[in-house]
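Right, one structure below, let's go through it.
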Amino acid sequence: MTFRVRFAPSPTGFLHVGGGRTALYNWLFVRHHGGEFILRSDDTDSERSTDEFRADILDSLRWLGIDWDEGIEVGGPHGTYRQSDRFGRYREVAEAFVGSGAAYYDGATSDDLKQIRDEAAASGTSPVYDGRHRLAIEEAKKQIAEGETPPIRFAVPRPGETRFDDAVRGEVVFGHSNVDDFVILRSDGSPTYHLASTVDDVDYAITHVVRGEDILSSTPKHILITQAMGAEQPIYAHLSLLNGPDGKKLSKRHGDTAIRAYRESGFLPTAVVNFLAILGWSPGDDEEVVPRSEMVKRFDLGAVSKNPAVFDTTKLEWMNGVYIRQMSPETFAADLGDLVATDLGRDLSPAETQSLVDLAPLVQERAKLLTEVAPQVRFLFVDELEYDETSWGKVMTTPEAQVSLQGAATAMEAAEWTHDGVETALRAMLEQHEISARKGLQPLRVALTGSSVSPPLFESIVAVGRESTLARFEAALRRIG
RNA sequence: GCCCCCAUCGUCCAGCGGCCUAGGACGUCGGCCUUUCAAGCCGGUAACACGGGUUCGAAUCCCGUUGGGGGCGCCA
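Counting with my numbering, you get residues 974 to 1454 for the letters of the first sequence.
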């Protein structure tokens, strides 16, 4: 049997980190077992579904490197893989259920339902609708003829219970006295989530349903529908949810939750994937930075953690730095070039590109986020340096600053224009004036880059070039007064 | 209110009855390196929620309490 999993987001929002993690676990599971990943769109809620969200979900999945074998945009034997195109199919199943007695047309009013809830609260029992207002078939037909279609509810067998073996949580049991006769087809003829999702899982021959824990208590409903369809029940796996740092459900107020936000703030997809994978699963051997291929090799639903994880990006930031340092110098330099061009709003000349390539490894070593990288080398490409006033105040007000700047100007004229040449000249100059490296070099750094924080000085000087370096030292000297 | 799930350092994860004086990672603190900032290296800090059982022996099994999360819609 081929394993078939699905990821079925509703396009009612951007793909968020929790959804991304669910998709990833599905993907890791099915790639591990050599099965098929189906992507469908659970868009029965046409009011809230938008094309923008639909596109964002696909983009984000692709960015994460999660590919699918069947479904949205790639096609397959089951049509568009959009639930909004399958309302006829859902209605057909619902009506067949009515025919077989598995479901019924219901006549309960909202007041009736409220009364049941109130009764339950008063008696300390579950607020469960038990079908007491179900319509006789003749009555239902009469209402339909009059143009007033009642909703269809599933007849949950009571007494009874549904138990299943969850791949991550173990055996779970729900007594049917706690499961109410849920609506499967609304009075406007549209299917509810329970119906549409389950019918799709059956029709698409899904073997493993891996999803968030928020639907754990709906699972008996899905199993009941599956049984009523005469289909074989898939294996369910419910993943714990992600919480915010305060332990509460992850939401907007905890900061960015959309995958795209991480992409935009300079995270690498490899790092995000690794971090998400580790958040609730362990590859074993006390290892955490693990390449994707290795994750596929080791992934196992049984090893997925049951407890909810706090989504804390501190470790993600560290991990992103690790992945940046893992990039080949060529790749990083190329990415840096693009980033700088965007930052500057223009293309770089070949000479500029060369000096950037020379400095790139030094920047790569320090980077945590791709977005912080362009500003660090901006000094290479500007005519007018903007000084960071805090830096200036810290290093330019000492007596050594002026001496060092003056001495450096002279030293630079004669220096061999290489890292070693510049270093030798500068160190000799400092020694001559009996200035420590710390006191003497920092003013040069600020004069050259505008900030007391920069890539290493000697390489930076070489990259900026003799003429421009001298000009910057003189400009700083003038500014000191 | 009812149902379900969960419970190890601040955070993530390891531990699946003896190997635990509980391990790794991030963070944090201290040190080394050093031209800044990082990176790197070394070291420290810090947890089995509580109470009962079961067992020769429990972080590991069972029950209860407490705490957290989820669900209880003609939303998904």
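Don't be surprised by glycine CBs; every beta carbon is placed ideally from N, CA and C.
Asked                                                                                                                                                                                 : Found
Going by beta-carbon coordinates alone, are D1015 and P982 separated by less than 8 Å?                                                                                                : yes
How would you label R1105, buried or exposed, when you count the other beta carbons within 10 angstroms and need 16 or more for buried?                                               : exposed
For A1384, count the other beta carbons within 10 Å of its own beta carbon; 16 or more makes it buried, fewer makes it exposed. Which is it?                                          : buried
Which residues does DSSP list as the beta-bridge partners of Y1078?                                                                                                                   : I1125
Cutting at 7 Å between CB atoms, please list the residues of its own chain near V1376, excluding the five before and the five after it.                                               : H1406 and I1408
Below 8 Å between beta carbons: does that hold for H1358 and P1428?                                                                                                                   : Note that residue 1358 is Leu in the sequence shown here, rather than His. In this structure, P1428 does not lie closer than 8 Å to L1358 by Cβ.
So L1443 and A1387 are in contact, right, with Cβ under 8 Å, and what is the actual spacing, rounded?                                                                                 : Not quite, the Cβ-Cβ distance comes to about 12 Å (not below 8 Å), so this is no contact.
Compare the C-alpha of R1013 against each of L997, G1275, L1031 and E1020 and name the closest.                                                                                       : L1031
So, helix, strand or coil for W1041, using DSSP?                                                                                                                                      : coil
Between L1317 and F1354, what straight-line distance do the alpha-carbon atoms span, to the nearest angstrom?                                                                         : 8 Å
Could you check if A1094 is buried or exposed, using at least 16 other CB atoms within 10 Å of its CB as the buried criterion?                                                        : exposed
So, under 8 Å CB-CB, I1157 and F1127 are touching, yes? Tell me the CB distance rounded to an integer number of Å.                                                                    : 5 Å
Taking the beta strand (DSSP E) that E1134 belongs to, which residues open and close that run?                                                                                        : E1134 to D1139
Based on Cα-Cα distance, which residue from E1267, L1274, R1142 and A1340 lies nearest to G1239?                                                                                      : A1340
Please classify M1268: is it buried, with 16 or more other beta-carbons within 10 angstroms of its beta-carbon, or exposed?                                                           : buried
Given a cut-off of 8 Å on the beta-carbon distance, is the pair S1150 and V1183 in contact?                                                                                           : no
Put P982 into one of helix, strand or coil per three-state DSSP.                                                                                                                      : coil
Buried or exposed, going by whether 16 or more other CB atoms sit within 10 Å of the CB of D1153?                                                                                     : buried
Tell me whether the segment 1244-1256 and the segment 1285-1293 touch, counting them as touching only if at least three CB pairs, one residue from each stretch, are closer than 8 Å. : yes
Roughly how many angstroms lie between the CA atoms of Y998 and E1068, to the nearest whole one?                                                                                      : 35 Å
Leaving out five residues on either side along the sequence, give the residues of the same chain with a beta carbon under 8 Å from the beta carbon of A1410.                          : R1400 and L1403
On the DSSP bridge list, what partners appear for A1210?                                                                                                                              : V1183
State the DSSP-derived secondary structure class of S1191, mapped to helix, strand or coil.                                                                                           : helix
Spatial neighbours of L1212 within its chain, please: C-beta separation below 8 Å, excluding the five flanking residues on both sides.                                                : R994, T995, Y998, V1141, V1183, R1184, G1185, E1186, G1253 and V1277
Expressed to the nearest angstrom, what Euclidean distance is found between the alpha-carbon atoms of D1167 and V1175?                                                                : Looking at the sequence itself, residue 1167 is His, so the reference to Asp does not match. Their backbone Cα atoms lie some 12 Å apart in a straight line.
Can you find the residues in the same chain that come closer than 7 Å, C-beta to C-beta, to A1436, ignoring five residues on each side of it along the sequence?                      : S1328, D1331, L1332 and L1353
Assuming the contact rule is C-beta atoms closer than 8 Å, L1037 and P1242 should be a hit. Round their C-beta distance to whole Å, please.                                           : 5 Å
Take R1418 and list the residues in its own chain whose beta-carbon comes closer than 7 Å to its own, dropping the five residues that flank it on each side.                          : S1425, S1427 and L1430
Please report the distance separating the alpha-carbon of E1020 from that of D1229.                                                                                                   : 25 Å
Check whether the Cβ atoms of I1179 and R977 lie closer than 8 Å to each other.                                                                                                       : yes
If you drop the 5 nearest sequence neighbours on each side, which residues of the same chain put their C-beta closer than 8 Å to that of L1189?                                       : D1139, R1142, V1145 and H1211
Quick one: grab the DSSP three-state call for H989.                                                                                                                                   : strand
Sorted by chain position, which residues of the same chain lie with C-beta nearer than 8 Å to Q1206's C-beta, five sequence neighbours on each side aside?                            : F1137, I1196, T1199 and Q1200
What is the DSSP secondary structure of F1431, reduced to helix, strand or coil?                                                                                                      : helix
Going by DSSP, which residues form a beta bridge with A1065?                                                                                                                          : Residue identity differs from the one stated: residue 1065 is Glu in this sequence, not Ala. According to DSSP, E1065 bridges with nothing at all.
For the candidate residues V1368, M1369, N1293 and F987, whose alpha-carbon lies nearest to that of L1342?                                                                            : N1293
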